[in-house]
Every structure is written in C-alpha cells, then in structure tokens.
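Engineer: Protein chains in written order, with this note's numbering: chain A, 22 to 597; chain B, 45 to 361.
By construction, the Cβ of each residue, glycine as well, lies at the ideal position given by its N, Cα and C atoms.
Here's a structure for you.
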C-alpha cells in the first residue's frame, strides 16, 4: 500500500512539473501555439500522413539558432533568420518580398540536419541526408545514383524499394532505354522524337509546360550593338516563326515577351515586333550600316529545353542575318562554362549570344530581375528605364500596381532591345505506358515516389550525371533532380505551379511581406534518424547564405542561387 | 674444250656489255608497273582520283550551294528523305538525292563540298607533317649524338600520347576551327615521319655511294639533300599516303567533337555530329557522311597498301 502511495505521489509531482513547463512556453511566446493549428490545417495536402503529424509541445530547453546579417547594409535580402522554437522559424527580410514562398520552394533551399552539415564540414556533396521519400544508397560515379525507399517518410511512399537515376547525353540514347523497357521514364526527348513516342503504343509523352525563353542577346558595350537601331533592326529582321516551325517541338510558340505568359505579370505591356525586313534595313542604314557588317554568334553546344538543337538554330540565325541584312556572322561554339562566364556573367561577348532561361520558381522576378537588374552586365550597361520599374515591382504587394510597373518594364525592354526573344519552347518527358503516376511538373523536380511501372527498381534516365548531390551549391537541373529525391525544402510546387507546404506547414507574412513566420511540420525525421526542427532550417540557410560560416563550403563554394535569389551573400568577401 | 669455254666466256661478256649499255628502268617506272598489277591498289587509286575530281568540280556537280537554306524556296522541309525521280520517287516531290538536313540544306551538295574540306585537310596536314618530320628526322639521323637524342626524345614524348587526345588538347589551346585542327593533326603526325626518315638516313649514310661522295669532298648539306634524302623517300611516300586517311579520320573526329570545322562548313564529321541524335528517325543523315568518310579512308588505305607493295621489292619474291 505504501509503495502504491509513493508511486502516486511521484506521478502527481511529475504531472505538475510537466504542466508548469508547458504553461511557461505558452505564455512566453504566442507563436508556439502555431504548430498545432497549422498542422491541423495541412491535412488537405496530398503528401500529408496522419501518423507523422503528431503535435508535440515545443521543448523548453530548445536553444534556437539565429543567422543574423547585422542589418541590411550588405545589400542582401535577408536580415535575420531565427529559430523561435523547435517548430517555428522567422525570416526577417530587408523589405517586402512577395515572391518569398515561391522562392523557398525551390529545391536548392533543401533542409539537411545541422549535425550532418557540421559532420561533413558543410560539404555533403555525395552523401546528402534529407527527409524525402528516398534515402541515398549509392552514387556509382559515371553510371547511376541508387536510392532506397525511406520507410518513415511522412508523405506518399514509393511502391518500389529501389529507384535508379541514370543518364545518357543524347536524347536518342535515352529513348532507346525507354523503348527497350530498361527505363520507366526519361527527360526531354529530342524534337524529332515526339512523333516517334506518340506513335508507339508502349510509350507516352508527358507534356511539361516548363516556362522558358530562348533569346538572342546583345552586349551594348561593343559596337555596333551600342546603337539601339542596330539591335532593333535585328529584332525586326528575324523570322522567328521559321525557327519555331523548323527546330522546335510541338507546343512551342514565338515569344511575345521575355517572360512566358503563364507567369503572372509576364505578358504585361506590348508584344514583340512582327517581322519587317524593310524597316529593319532602314534602321540599319540609319545606323550607317546599310551594307551590313561582320559579327559573331556565340553559343554553347548544350541541349536545353529552350534550345533543343543549338547548332541548327545558330546556323539558321546566321543564314537569316545574311539573307535579310547582309550581316556576316561567324558562328563560334564555346565550352559551356566559358560561355556562361563570358557571355552571361561578364558580358564580354562582342557579338550576338544565344542563350535562354528556364524558370526556377513561378514569379516574374525570376525572369526579369535576373536578366535586366541594375547590376546585370550580360547585355552591357543596364538600362534604368528597365531596372527601375523592376525594382519597384519586386516589392509591390498590390497586384494592380505590380501589373503597371511590369507593363512599363516590358515596354522598355521592347523599346531598348537588349535582346530579341525568340521562343517559349514546348518540352516533355516520356514514360512507358505502364508507368502509373508518371508526370512531368512545370516547376520543381519530378518525384519518383509517385511513379510505379511495376518494376523494382524503377529506372529514370536524364541527360547528364549530377555534378554533386549538395544542391545548395549547384544550379544544373540534373543535380537538382537527383537531390530532390532525398532532400526537401520548406515548400514545394504542385502540378499547377502553385506553392504548397512541404517541410513547413505554413508561412505567414506580416502586413508588408517583410517578415515571414514559418511553422514546421512535426514528427518528421531525417534519414539518419535525427528529428527535424527549426535549427536545421537555420543552419541549412546559414551554410548557403553566410559566406563566413565554416559550413559555407559546398562543392565549388559559389552558392550561385543563394547569392542571386537573396541578392548576395552575408559576410561575402570583397571579391564576391 | 678450252676454246669452247673461251667462246662462252666471250659471249657472256658481250651479253653483260649489252646490259650495261641498255638504259635502265627507273625505280618509279618499275613501281608504277608493279602498282598496276595490284588490283586493290588500283581500286584505291580510282577512289582517290574520283574524290579529287568530285572536290575540284564540286560547284558543277552539286545542285545547290552547300550552305544554302532552302526554307521558303521550295517544297522541301527539314530532314527530308532521299528522293530520286528516276528511282521511282514521286515527280511531285522535290528531288534531293540524299535528302535535306535539319536546316533544310541539300545533303548531296553538302556531301560533295565536304570532299573538298576533307581532302584539303588531309593533304595539307600530311604535307606539313611530312616536311617538318622529315627535316627533323633527317638532321637527327645524319648529325647523331646529343642532337639526335634530344629530337628523338621529343618525338617519343609526342608519340606517348594518344594522337586524338593530343590533337584535342592542342585544339583546346588554339581554339576550335578547321585551321587549328589541321595544325593539331599535323603536330601529332610529325613523329611518325621523323622516325621513319631517321631510320632511313641511319642506313643510307653508311652506304658506299655516300662514302664515295664524302671522299670526293662533297659538303654535308650536299650529301644529305642530294644523296641521302632522295633515297630515303620511298617508305615516306607510303606512310604519307596512309597518313592522309588517318588525317581525314582524325579531322572528322575533331569536327564531330565540335573542335574542327565550324558551322555552317560542310564537313563530314560536323555533319555526322549535327545529326547524331537522329540516327533512328533520319538514318540517312548519319549514313551518308559516314559512308563518305569510309570510302575516302578506304581509298587512301588501299592506295597506300598498293604503293607499299609496289615499292618494296622483297614483297615480289
């Protein structure tokens, strides 16, 4: 009897202590109540599972980490990222950021456990740990990436135990794998293969309404492209429809604006010029070049969705320039990295460069600000007529006002012709017809856990090998696709391009959209068994964003997307 | 008995005198006679002559300019299949006997003009490599000593690299383009000519006729240029003939990799590379430039083999 009473007393005391702790937390910070409410609200998300959404009271001894830029003078967008409690992260930004959610859904901002980032010195380039539907089993260099199903995944678990990601540079090679039944899916069939796939009962073409743009760029710091009449003449002379008809797959269209119309505010303002060779000749004569001139066409021989056959398109543009304006253009093929460095980053290509862009996140800033911002040198000296409205638009919270400034920006682009928009390319993936759940998302990465072709392993073929599997420091689609199976971000994109909560259950902004408070999904574990919490978010962002952090190592250390999408790195050295 | 023997000896002596007074047949004439007896060599020569004629008269043979884009100028679209009216192709369909490429250019015209590029590249490359390689090989072999050592070790180093890899490295430094590809292929070909020339010079410089020239007070330059080199050329001719084939193949390889001829130049390797993704959908676009390369290489190889047989008397035994 005495023993029973003792046990009863002990239980009462523990209950009182527990109650006291809980009460302290609630009174200390109202945001700690958010996880419970928001978690309940996210049951509509398709990836939600009830087992994983157990609400826990935030721990009293949780020491939240903070990434503090010490103000906004460094020019970036992030002032502070704080872990308020285990399941609440606050992003304090340097001004309004309407595209915040669209941006953090980008897979580059995947979350890894702080312990793992520390253990790998901030460079988990071949051993990422995440919360995604697959655990990385092996990366056989030069051959494949092998994944195993993560049985504790909170979302839809894959039907197969193993998924394999392989690569083949040539689209014909990928198609053979598909036709022979060695793969369930492939990326980007060549334009000429569309009809082959459509005519094969064993295959299915997955339309991928990927927002992109292919353009001819000019650098206005070199003659004769410093003369707007020359640029405009070329813009008027090009038969863009001929390029689409001859070299692009079905679903492609002539670009009326730089940004595809599927992106909000993308097509505000006037559409591009119709072809008018006579007017083009007159403009060239006005520039003193009635007999034409000599120049170069720079491009890289790398196939992208926006430019499926680079060599053929370059040759046709060369022919068109000669036919219409007597311009002798020498075609110069450059190595991909050098091409991007010289023609895009440095703006040192003294001719016409052929480049494009595929949207990273569904917001007009992703297209326009990256190309026409005040600091961008790709097209030579930036035009205030373009970048000033863009700066206003990026912080505009009112849709009507935003539409007006983007109209102004698009009209200025048309008037000043820093480039000629050619095509918004249609693109697709392909799958075997027995692959249920096969899809090709317009934004974000295809997730293999939704696919099931009845085989184990499920095999998917893409164009190239990933550069590394730490995608905070990568920018190529092949790496991002490989990473996305393992590592998840706070948000993701649904098939319509809308953002949906992923590791967060929701992010709420303040009135001017400069402070975003994100409530995290509870009960989520990483592949290494550690529990996902707010510090993992802060440390993952610190590794990418804070150049002075010992975790800011990565693969190349460039962290391009962190730098670009957050307007620069915190504590960046002078050279950066 | 003695008198009969004497008569026979006198007759033999007279016969020898006839032989000595008769004008001897030149080495080249003998070679030509032997070469004509080699069927495979003659086939090779025929192919090479035909290719040279095609290259020279390309503007007359090709129905279109090689880079002329036919979009809007006719009915043809991109990657049209071959159409030859006399072989039953519908008269209403525009005739392109090898079809059109992705840029709607007549493929036959491009193949024909491609012969110019390939042959020019092959001949110039081999000529360059032959001159430079022979010079270094001859001097190294004749002078000997440390000079020979230095030259030949450099050649060994160059030979140590796979030729195409070295050519890629050179073009990467010089920049892509036909001219730089020519230089790169020539550079990687030099050691072969240098080694053959050196070995010939080492043998010939010990010959009696060279010793006689030396005894007569001829200068080393005279001996090298007038006595040694002319007698060392035979194996080099064979090597050069076969080298043209190798050079054409390597140039096509470089162009295929995007390091040789640049668009829109009609070059077989570039044409192959441009259409490599369409091997199943438009196989003719890969087949014809491949066939052109194969025939050309085969032609030079057969001719080279024939020449080697003809120039080497030991093979006639």
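CA-CA distance, residue 166 of chain B and residue 108 of chain B?
Structural biologist: Your numbering for residue 166 of chain B matches position 122 in the second chain. Your numbering for residue 108 of chain B matches position 64 in the second chain. One C-alpha to the other measures close to 25 Å.
Engineer: Can we say the region 346 to 355 of chain A touches the region 301 to 315 of chain B, given the rule of at least three CB pairs closer than 8 Å?
Structural biologist: At 8 Å Cβ cutoff, the stretches touch.
Engineer: Report the option in A:501, A:551, A:319 and A:336 whose CA atom is closest to the CA atom of residue 485 of chain A.
Structural biologist: Your numbering for residue 485 of chain A matches position 464 in the first chain. That would be A:501, whose Cα lies nearest to the Cα of residue 485 of chain A.
Engineer: How close, in whole Å, do the beta carbons of residue 553 of chain A and residue 152 of chain A come, if the pair is a contact with beta carbons under 8 Å?
Structural biologist: Reading the first chain from its first residue, position 532 is the one you call residue 553 of chain A. Reading the first chain from its first residue, position 131 is the one you call residue 152 of chain A. Their Cβ separation, rounded to whole angstroms, is 6 Å, which keeps residue 553 of chain A and residue 152 of chain A in contact under 8 Å.
Engineer: How about the region 84 to 102 of chain B and the region 341 to 358 of chain B: do they share at least three Cβ pairs that are nearer than 8 Å?
Structural biologist: Yes, since at least three Cβ pairs between the region 84 to 102 of chain B and the region 341 to 358 of chain B fall closer than 8 Å, the two stretches touch.
Engineer: If you drop the 5 nearest sequence neighbours on each side, which residues of the same chain put their C-beta closer than 7 Å to that of residue 376 of chain A?
Structural biologist: Taking the first residue of the first chain as 1, we reach residue 376 of chain A at position 355. Taken in chain order, the residues that qualify are 236, 238, 364 and 365.
Engineer: Smallest Cα separation from residue 534 of chain A: which of A:302, A:207, A:122 and A:102?
Structural biologist: By 1-based counting over the first chain, the position of residue 534 of chain A is 513. Considering only alpha carbons, the answer is A:122.
Engineer: Following the continuous beta strand (DSSP E) through residue 445 of chain A, name the residue where it begins and the one where it ends.
Structural biologist: As a working note, residue 445 of chain A is residue 424 in the first chain. Where residue 445 of chain A is concerned, the enclosing beta strand (DSSP E) stretches over 440 to 445.
Engineer: Comparing the C-beta of residue 143 of chain B with each C-beta of chain A, is any distance below 8 Å?
Structural biologist: For the purposes of this step, residue 143 of chain B is taken as the residue at position 99 of the second chain. Not one chain A Cβ lies under 8 Å of residue 143 of chain B.
Engineer: Do residue 355 of chain B and residue 282 of chain B have their CB atoms nearer than 8 Å?
Structural biologist: Locating residue 355 of chain B in the second chain gives position 311, where the first residue counts as 1. Locating residue 282 of chain B in the second chain gives position 238, where the first residue counts as 1. Yes, these two residues count as a Cβ contact at 8 Å.
Engineer: Please report the straight-line C-alpha distance between residue 48 of chain A and residue 87 of chain A, rounded to a whole angstrom.
Structural biologist: Your numbering for residue 48 of chain A matches position 27 in the first chain. Your numbering for residue 87 of chain A matches position 66 in the first chain. Summary for residue 48 of chain A: the model assigns pLDDT 33, below 50, so the residue's position carries little reliability, and this model does not support an answer.
Engineer: Give the DSSP-derived three-state secondary structure of residue 408 of chain A in the structure shown.
Structural biologist: Taking the first residue of the first chain as position 1, residue 408 of chain A is located at position 387. Three-state result, residue 408 of chain A: helix.
Engineer: What does residue 513 of chain A pair with, by DSSP beta-bridge criteria?
Structural biologist: Within the first chain, residue 513 of chain A is the residue found at index 492, counting from 1. Beta-bridge pairing links residue 513 of chain A to A:521.
Engineer: For residue 243 of chain A, which residues of its own chain have a beta-carbon under 7 Å away from its beta-carbon, when the five flanking residues on both sides are left out?
Structural biologist: Numbered from 1 along the first chain, position 222 holds the residue referred to as residue 243 of chain A. If we look at residue 243 of chain A and ignore the five residues flanking it on each side, its Cβ neighbours are 371.
Engineer: At a cut-off of 7 Å, would you count residue 330 of chain B as near the ligand FMN, judging by its Cβ distance to the nearest heavy atom?
Structural biologist: Of the ligands one can find in the structure shown there are none, so the ligand FMN has no counterpart to examine.
Engineer: In angstroms with no decimal places, state the Cα-to-Cα distance between residue 239 of chain B and residue 199 of chain B.
Structural biologist: If you number the second chain from 1, residue 239 of chain B lands on position 195. If you number the second chain from 1, residue 199 of chain B lands on position 155. Using only the alpha carbons, I get a separation of about 8 Å.
Engineer: Taking the alpha carbon of residue 383 of chain A as the point to measure from, which residue in A:273, A:278 and A:283 has its own alpha carbon closest?
Structural biologist: Residue numbering aside, residue 383 of chain A sits at position 362 when the first chain is read from its first letter. Out of A:273, A:278 and A:283, A:283 has the C-alpha closest to the C-alpha of residue 383 of chain A.
Engineer: Could you check what DSSP says for residue 384 of chain A in three-state terms: helix, strand or coil?
Structural biologist: The residue given as residue 384 of chain A occupies position 363 in the first chain. Looking at residue 384 of chain A - three-state DSSP - the assignment turns out to be coil, as it is neither helix nor strand.
Engineer: Taking 8 Å as the threshold (beta carbon to beta carbon), is residue 577 of chain A in contact with chain B?
Structural biologist: Along the first chain, one-based indexing puts residue 577 of chain A at 556. It does not; no Cβ of chain B falls within 8 Å.
Engineer: What does residue 345 of chain B reach in chain A if we use C-beta pairs closer than 7 Å?
Structural biologist: The sequence position of residue 345 of chain B within the second chain is 301, counting from 1. The premise fails here: residue 345 of chain B is roughly 30 Å from chain A at the closest Cβ pair, so nothing lies under 7 Å.
Engineer: Look up residue 539 of chain A in the DSSP assignment and give the residues it is bridged to.
Structural biologist: Position 518 of the first chain, counted from the first residue, corresponds to residue 539 of chain A. DSSP output for residue 539 of chain A lists A:110 and A:528 as bridge partner(s).
Engineer: State buried or exposed for residue 67 of chain A, treating a residue as buried only when at least 16 other CB atoms are found within 10 Å of its CB.
Structural biologist: Indexing the first chain from 1 puts residue 67 of chain A at position 46. Residue confidence is low: residue 67 of chain A scores 35 on pLDDT, short of 50, so the model does not pin down where it sits. No coordinate-derived value is stated.
Engineer: Please identify the residue among A:98, A:227 and A:327 whose C-alpha is closest to the C-alpha of residue 205 of chain A.
Structural biologist: Numbered from its first residue, the first chain carries residue 205 of chain A at position 184. Answer by Cα proximity: A:227.
Engineer: Taking 8 Å as the threshold (beta carbon to beta carbon), is residue 320 of chain B in contact with chain A?
Structural biologist: Residue numbering aside, residue 320 of chain B sits at position 276 when the second chain is read from its first letter. Chain A, which has a Cβ nearer than 8 Å to the Cβ of residue 320 of chain B, makes this yes.
Engineer: Please go through the same chain and pick out, in chain order, the residues whose beta-carbon is closer than 8 Å to the beta-carbon of residue 266 of chain B, but skip the five residues on each side of it.
Structural biologist: In the second chain, residue 266 of chain B corresponds to position 222, counting from 1. Here the set comprises 257.
Engineer: Using 8 Å as the limit for Cβ to Cβ distance, is residue 308 of chain B near chain A?
Structural biologist: Against the second chain, residue 308 of chain B aligns to sequence position 264. Residue 308 of chain B counts as touching chain A.
Engineer: Quick check for students: name the residue ranges of the alpha helix (DSSP H) that lie wholly in the region 187 to 274 of chain B, counting only runs of 4 or more.
Structural biologist: You should have 189 to 204, 207 to 218, 222 to 248 and 252 to 259.
Engineer: Can you give me, in chain order, the residues of the region 333 to 345 of chain A that have a beta carbon less than 7 Å from any beta carbon in chain B?
Structural biologist: Result list: 333, 335, 336, 337, 339 and 340.
Engineer: Check whether chain B comes within 8 Å of residue 217 of chain A, counting only Cβ atoms and requiring the distance to be less than that.
Structural biologist: For the purposes of this step, residue 217 of chain A is identified with residue 196 of the first chain, where counting begins at 1. Yes, its Cβ sits closer than 8 Å to a Cβ of chain B.
Engineer: Which residue marks the beginning of the alpha helix (DSSP H) containing residue 583 of chain A, and which one marks its end?
Structural biologist: For the purposes of this step, residue 583 of chain A is taken as the residue at position 562 of the first chain. Unbroken alpha helix (DSSP H) run through residue 583 of chain A: 581 to 586.
Engineer: Check whether the region 126 to 145 of chain A touches the region 454 to 462 of chain A, taking contact to mean three or more Cβ pairs, one atom from each stretch, closer than 8 Å.
Structural biologist: Output reads no: the region 454 to 462 of chain A does not touch the region 126 to 145 of chain A.
Engineer: On the DSSP bridge list, what partners appear for residue 152 of chain B?
Structural biologist: In the second chain, the residue the question calls residue 152 of chain B occupies position 108. Bridge partners of residue 152 of chain B: none, in fact.
Engineer: My assumption, with CB atoms under 8 Å, is that residue 232 of chain B sits in contact with residue 210 of chain B. Please give the rounded CB distance.
Structural biologist: Position 188 of the second chain holds residue 232 of chain B. Position 166 of the second chain holds residue 210 of chain B. Rounded, the Cβ-Cβ distance is 5 Å, consistent with contact.
Engineer: Any C-beta of chain A sitting closer than 8 Å to the C-beta of residue 113 of chain B?
Structural biologist: In the second chain, residue 113 of chain B corresponds to position 69, counting from 1. With 8 Å as the cut-off, residue 113 of chain B counts as an interface residue toward chain A.
Engineer: Given a limit of 8 Å on CB to CB distance, which residues of the region 263 to 281 of chain A reach chain B?
Structural biologist: For the region 263 to 281 of chain A, which is checked against every Cβ of chain B, the residues closer than 8 Å are 263, 267 and 268.
Engineer: So which residues on chain B does residue 189 of chain A lean against when the C-beta distance must stay under 7 Å?
Structural biologist: To locate residue 189 of chain A, count along the first chain from 1; it is residue 168. Within 7 Å Cβ-Cβ: nothing; residue 189 of chain A doesn't reach chain B, min ~11 Å.
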